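What follows is a set of notes on a single structure, which appears directly below.
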Amino acid sequence: MWLSSIVKLVMNGVCGYLALAGCFWMVPSCALSGQVGSGGPTHRDTAAMNGAQDSARGAGVAEHERRAREYLQQRQPELARKEFAIVAEAEPGNLDAQANLGVLLYFDGQYQEAIPHLKAAVALAPQQAKLQALLGFSERRAGDVAAARSDLAAALPGLTEDKVRKQAGLELVEMDTAANDLPAAASAVAQLKATMPADAEVLYAAYRVYTDLAGEALLDLSLAGPESAQMHQAIAHELVKARDNAAALTNLRAAVAADPHLPGAHFELAELLVASTAPAEKAEAQGQYELALKDNPRDDKALTRLGDLAADKGDHAAAMKRYQDALALQPESADAAIGMAHELVETGKTDAALPLLLGVIKADPTNVLAHYRLSALYRRLHRPEDAKREVAEYEKLKATREKLRGVYDSLRNSPGGMKSDDAKN
Amino acid sequence: MVLTASAMRCGFAQTKTLDAAAMTDITASTGIHFNHLASPDQKFIVESMSGGVALLDFDGDGWLDIYFTNAPSVAMAQAGTKARSSLYRNNHDGTFTDVSEKAGVANPCWAMGAAVGDIDNDGWPDLAVSCFGGVVLYRNNRDGTFTDVTKKAGLDIDKGWATGVAFGDYDGDGFVDLFVPHYVDLDLEHLPAPGSQKTCMYHEVPVQCGPRGLKGAPDTLYRNNGDGTFTEVSVVAGVNDPQKFFGMQAVWSDFDGDGKLDLFVANDGEPNFLYRNEGAGKFKEIGADAGIALSENGQEQANMGVAIGDYMRTGRQSIAITHFSEDYAVLYRNEGGMNFTDVAHGAGIAKSTLPYVGWGDAFLDTANRGLLDLMVVNGHVYPQVDNAKLATSYKEPKLLFWNNGDGTFRDVSFPALQVRQVSRGLAVGDLFNTGRLNVVVENLTGEPMVLQTNPPKGNHWVSFQLEGTKSNRLALNATVTVRIGKTQQMAEVLSGGSYLSQSDLRLHFGLGDSFLIDGVVVKWPDGLEQRFVGVVADRFYRLKEGEGLR
């Protein structure tokens, strides 16, 4: 919980604000009143902070408001709350009183009681996302999950303070997931990821939502078409993730048998075949890539792989034609560009290869292979310093990857997690 | 015999028939009945790595003899049983006789491989045997016997798992020094059981552990003091491998032609080292910058055997390295200036090597065409694969790649090579002084294989045996370049190489249909260059540094 039970209350001069829960919960009343003024209801309360206008209001209300601030300064939230309650009752449109009362009630654990005041405050200042987030929190804790989801979803885009945004987002994801509304959860987590791309909690939430989404889709698919080609294709995906390539291969074969034109299936089958240790299966890969291309002549990935196979055979002309076709369809294809660059180098056209590799790195500076190939190319071009720089960049990126791999390895404790590539060589 | 070049020149022949590549299995007729010991289960990595073979003329009769290394199983070693290595003396009639005991080299150690060098410049080849537990140095007594001088030479300080050792005179003092790569830091008392860790599994099958997951060991360079002793200089020289990579095979060569001997070290599953000789006894490791540390995709490979040769006829030594299955044998083309390019795929050797675990390899002119072909021998390390339905087997065929003359090769693995064995070492030499090369393959399990090339009768050849005077006596790392017309070939006298093996120190050149060589250039390690013109083919020449061909 980011909302600590400790409440700090500080009044700051005329423009009062509440600072709660470790100082990050700030409700600047000046800002509230100022922003609400033009578009919201007419607020006498807005003028409450202006001494000149106090005279126009009941002297009693002004006195209660003054006391409330005083109590806040003295860190006596219970007394302040009572004074704000009197003000709010007398002036329901008093944003400062409603907001502060709602906040104080919330942090006192009186969620149900906080709700009407926070609702009133949100109605008075709908642009104050933090208030709406607090309303959502109150509603959730009071058991009104539907309202909580609605308010947190509305508040989330406007929250700019990381801690509040993260708490609101994660609570929303939790509730959306519990309600089995995974698309909504995905939307929320995507918003969080956009501003907190390196936050472990956020990333874990994203991982869970996306895997749950995939699981849900797989479940739906298994009900809708248990024998369908798509079902076999999906199961093959799962098996590949589990590194059971043999079973994945069986399912992909079943998929293309059920639907020879199943989008993506021939390519995926070819990818497994080309990675196989069995020469017969490896030899079959080319045919599957060609079928993938026949089904979808715009399949730049299949074209690229066919280029790779031609390159492996030393057929430079065929390889270059494939890579050229792939790049015509998808100029941003890193694999095709790297493959094309390789063939250009092999055929002595080193100068033509350079912009291809530079383009790949410009688009993705973390492309390890491109850096390594570029280092080799620079050596060919007698540019040793550039080659050394690229080798250094390659080694840096590779070290990062290996560190990541080390993390995975250390976390994978079960013997079932052992893979062939971990064995000798 | 030196003649003037004339119209007799016909140029290198381009043999069209692949029959020329075929070799004959002559093992049975050689009388060699060596058996390399092997435990059936190969439970421990140390049981899988032995099997280097050395060709050397140990008795100075002008005929190559063969030394097969041997190693016990762990169980045998724990029971105190030794494995008998064997030296076969050439009988000059196509057969060999086991003279191991008489020569005093039958039980050097838990032997891995061997390399030749003349440590005292007496003109007789001495023998270094790499062991699981250091090195053994045999000094040639010039009478058909050897003496173990390991302790006297100061090499008994080496206790590690030594692998592909090699001699080379890196400091140019005329005495060959010894580089000893070390593999795994393995304790026989605490051997990890098969399948006990994730690095002891292969495709979900429990197998021997390592090398990944085990501790590596640093490498060692011993400088020859010129008085029969050696001094360890690894750290000072900068070749000590502080990262403790799994050192496998070393080869000395002046890769950039600057007159200083460089050192290449293949590391199993780790980046290779290329140590550029900076002079004054110092080296700088430049493997990554030279493009020779990793594959063309920037991946470490299970580097095992190292073949070096001028297959492009550019006068530069390129390097081929064998690897584990599911990875390809790499071919680093030497572009000059310490710049190498992995061209294995484009050159046509990658694909055929993918299914096999490769070990010994060598460039050799199988048909005396004037072009270096490439041979690779294979054999898995896990006997368990036979029962695992993995589309692979413990015994594997050998591969021969025919040089097309344009930088590419063609897989022409003929029937004799299809005999499946668990091969390790490979050495090349003209065993019977016929002008036709032989290939000797040591297998981990069972008997070796001896192959005879069958070049077309019309193809000529020449062989040079060099003897240094100011340079080291065996002329290690001297080069000979033969030129016919506009085509030239270069070869280098090398210690060690392939996989833990030693090939013929004589340099053999196929000449195609030319029976006269326009020019021969000999570059000695001390910088002396000698030139000869109009050299007649089909002869064995001897050349003493600074003197004439004879």
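First to last, the protein sequences are chains A and B.
Positions in the first sequence are counted from 1; adding 25 to them yields my numbering.
Positions in the second sequence are counted from 1; adding 1 to them yields my numbering.
Backbone N, C-alpha and C define an ideal beta-carbon position, used for all residues, glycine too.
It should be emphasised that the depicted structure is a prediction, and the values quoted were computed from it without experimental measurement.
Taking its Cβ as the centre, do 16 or more other Cβ atoms sit within 10 Å of residue i, making it buried, or is it exposed?
i        : result
A:Asn205 : exposed
B:Arg551 : exposed
A:Glu293 : buried
A:Ser435 : exposed
B:Ala363 : buried
A:Lys266 : exposed
B:Ser51  : buried
A:Ala378 : buried
B:Ile158 : exposed
Provide the residue span of the alpha helix (DSSP H) that contains residue i, from first to last.
i        : result
A:Met365 : 359 to 371
B:Thr446 : Element bounds for B:Thr446: n/a, residue is neither H nor E.
B:Ile120 : From DSSP, B:Ile120 is part of no alpha helix (DSSP H); its letter is neither H nor E.
B:Leu550 : Taken as a continuous stretch (DSSP letters only), B:Leu550 belongs to no alpha helix (DSSP H), as it is neither H nor E.
A:Thr236 : 225 to 249
A:Met200 : 187 to 203
Nearest-angstrom Cα distance between residue i and residue j?
i        : j        : result
A:Glu90  : A:Ala145 : 18 angstroms
A:Ala219 : A:Ala335 : 41 angstroms
A:Gly384 : A:Arg330 : 20 angstroms
B:Arg433 : B:Asp94  : Here the sequence assigns Phe to residue 433 of chain B, which means Arg is not the residue at that position. Taking the straight line joining both Cα atoms gives about 8 angstroms.
A:Arg233 : A:Tyr131 : 30 angstroms
B:Phe69  : B:Ala39  : 14 angstroms
A:Ala203 : A:Glu252 : 30 angstroms
A:Gln135 : A:Ala158 : 16 angstroms
B:Phe541 : B:Arg507 : 9 angstroms
B:Phe176 : B:Ser296 : 35 angstroms
B:Asn335 : B:Arg277 : 14 angstroms
B:Pro356 : A:Glu306 : 12 angstroms
A:Ala225 : A:Leu429 : 14 angstroms
B:Leu467 : A:Arg426 : 50 angstroms
B:Thr315 : A:Leu264 : 50 angstroms
B:Leu391 : B:Ala76  : 28 angstroms
A:Ala261 : B:Phe402 : 38 angstroms
B:Ile293 : B:Asn268 : 11 angstroms
Compute the distance between the beta-carbons of residue i and residue j, then report whether it is under 8 angstroms.
i        : j        : result
B:Gln318 : B:Gly306 : no
A:Lys188 : A:Met221 : no
B:Gln91  : B:Trp125 : Per the sequence shown, residue 91 of chain B should be read as Asn rather than Gln. Contact flag unset, no.
B:Gly165 : B:Ser131 : yes
B:Ala129 : B:Ala116 : yes
B:Ala238 : B:Lys283 : yes
B:Asp178 : B:Leu222 : yes
A:Leu129 : A:Leu143 : no
B:Ala107 : B:Ser86  : yes
B:Asp220 : B:Asp242 : yes
B:Val440 : B:Val429 : yes
Looking at chain B, is there any beta carbon in it that lies within less than 8 angstroms of the beta carbon of residue i?
i        : result
A:Lys421 : no
A:Trp50  : Because the pLDDT of A:Trp50 is 45, which lies under 50, any placement of that residue in the model is unreliable, and the number read from its coordinates should be weighed accordingly. No, A:Trp50 lies away from the interface with chain B (no Cβ there is under 8 angstroms from its Cβ).
A:Ala401 : yes
A:Gly339 : yes
A:Ala303 : yes
A:Ala46  : For A:Ala46, the predicted structure reports a pLDDT of 36, less than 50, and the residue's modelled location is therefore unreliable. A value from the coordinates is still provided. No, A:Ala46 lies away from the interface with chain B (no Cβ there is under 8 angstroms from its Cβ).
What are the boundary residues of the beta strand (DSSP E) that includes residue i?
i        : result
A:Ser212 : Not the beta strand (DSSP E): A:Ser212 falls in the alpha helix (DSSP H), residues 207 to 220.
B:Glu286 : 283 to 286
B:Lys524 : 517 to 524
B:Asn225 : 221 to 225
B:Leu427 : 424 to 430
If we define contact as Cβ-Cβ less than 8 angstroms, is residue i a contact residue for chain A?
i        : result
B:Leu391 : yes
B:Ala107 : no
B:Glu530 : no
B:Lys1   : Any question about residue 1 of chain B goes unanswered here, given that chain B covers just 2 to 551.
B:Thr323 : no
B:Thr164 : no
B:Asp388 : Sequence check: residue 388 of chain B is Asn here, not Asp. It does not; no Cβ of chain A falls within 8 angstroms.
B:Pro356 : yes
B:Glu271 : no
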